[in-house]
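Down below is the structure, laid out as structure tokens.
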Amino acid sequence: MRSVLYISAALLLFFNLLWGPAGLDWGVIEAVRVPRVLGAVLAGAALSLAGLLLQTALRNPLADPYVLGVSGASALTALLSYLAWRFFHMQYVGYLGGALAGAAAASLLLLTLSTRASLYAVLIAGVMTAFLTSAVLQLLLMLLPPEELGYVYLAMQGSFAAYPPGAVGYALALALLPVVAVAWRYSRWIAAYAHGEEAAAGLGVPVRRVNVLITALAAAATGLAVASVGPVGFVGLMAPHIARWSAGSHRFDKLVTPAVASGIALALLADAVTRALLPRDVPSSVVMSLVGVPFAVALFWRYVRGV
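In our numbering, the protein residues as written are 106 to 412.
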């Protein structure tokens, strides 16, 4: 089953690069499709990894950067930082730094809360954070004229079309590689951590270091995704579960690669559907939410029934 995931992701990658009204015009491919596909690949890989990390660390099958407010906090601090740093003509530096800082703060809050509160309390706290940050973000976007925000206005809607072209886009894509590599390198520690801190410590796992590692990796992955294409929901929720079904395992160290492939395939599929079926360039987050909400409801129902 895992091979199906990898083949699907590869086919969707080539389809999204080569298909479009302009055909195989190299200028269009390079200027329009390559950045958009890179945005989908980066967001899919980053959010699926962040979702897998949060589901493992919180031991919560409904954990997701978007649902728990990590993406929302990242987007809000990114926008505020962008507005502050534009006076120094370093808007994108501030934007990226704000995205990473917001994701780190929200991830740390959730992981700290998970050691002191129940699964439901953590979930409710995350959802409330998501609602609050979304409301403040939309208020700021309404008050500020779109021409002042430029590409950030499109990114805040959660759109792969907002991915920055050129050197910045390639740098963002390359920045994700060490995040995935570190997660894979320490995947056995994280897999042991999923059984609880006491069990992990009994196996010789440095629990405090793993706590810091999970927070840093989840924050970096979410921050990079938000800084690239804005808050896109439910990729981090669905991709880890698809990976579990395809790999036939619940161990983190067996799921890193399948989860990343699932996230990439989901993001590319959402982008293809957006371009092919919808009359205008609707943000990709809309398509993901239309699919992700029923998926989340089905997962919650299974969890309540203990299936």
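Just so it is clear, CB atoms sit at the ideal spot from N, CA and C, and this is done for glycine as well.
- Relative to residue 345, the option among 138, 275, 133 and 160 whose CA is nearest is 160.
- Secondary structure of residue 160 (DSSP, three-state): helix.
- Taken through DSSP and simplified to helix, strand or coil, residue 386 comes out as coil.
- When C-alpha distances from residue 169 are compared across 235, 110 and 133, the shortest belongs to 235.
- Under the DSSP assignment, residue 134 falls outside any alpha helix (DSSP H); it carries neither an H nor an E label.
- With fewer than 16 other Cβ atoms from the protein chains shown falling within 10 Å of its own Cβ, residue 112 counts as exposed.
- According to the DSSP assignment, residue 328 belongs to the alpha helix (DSSP H) that extends over 312-334.
- Contact annotation: residue 183 and residue 203 have beta-carbon atoms nearer than 8 Å.
- In this structure residue 201 touches residue 332 by the C-beta definition: roughly 5 Å separates them, less than 8 Å.
- Spatial neighbours of residue 325 in its own chain (CB-CB distance under 6 Å, excluding positions within 5 residues in sequence) are listed in chain order as 284.
- Under the DSSP assignment, residue 172 falls outside any alpha helix (DSSP H); it carries neither an H nor an E label.
- Considering only 207, 268 and 341, the residue with the shortest C-alpha distance to residue 151 is 341.
- Residue range 292-298 is occupied by the alpha helix (DSSP H) that includes residue 293.
- The DSSP assignment places no complete run of the beta strand (DSSP E) inside the stretch 177-228 (cut-off: 3 residues).
- A check of alpha carbon separations from residue 334 across 213, 237, 269 and 281 identifies 269 as the nearest.
- By the 16-neighbour rule on beta-carbons within 10 angstroms, residue 319 is buried.
- Only residues of its own chain outside the window of five on either side were considered, and among them 312 have a CB closer than 6 Å to the CB of residue 302, listed in chain order.
- Here the stretch 140-149 lies against the stretch 359-375, with 3 or more beta-carbon pairs under 8 Å apart.
- The shortest C-alpha to C-alpha distance from residue 321 to any of 213, 233 and 165 is the one to 213.
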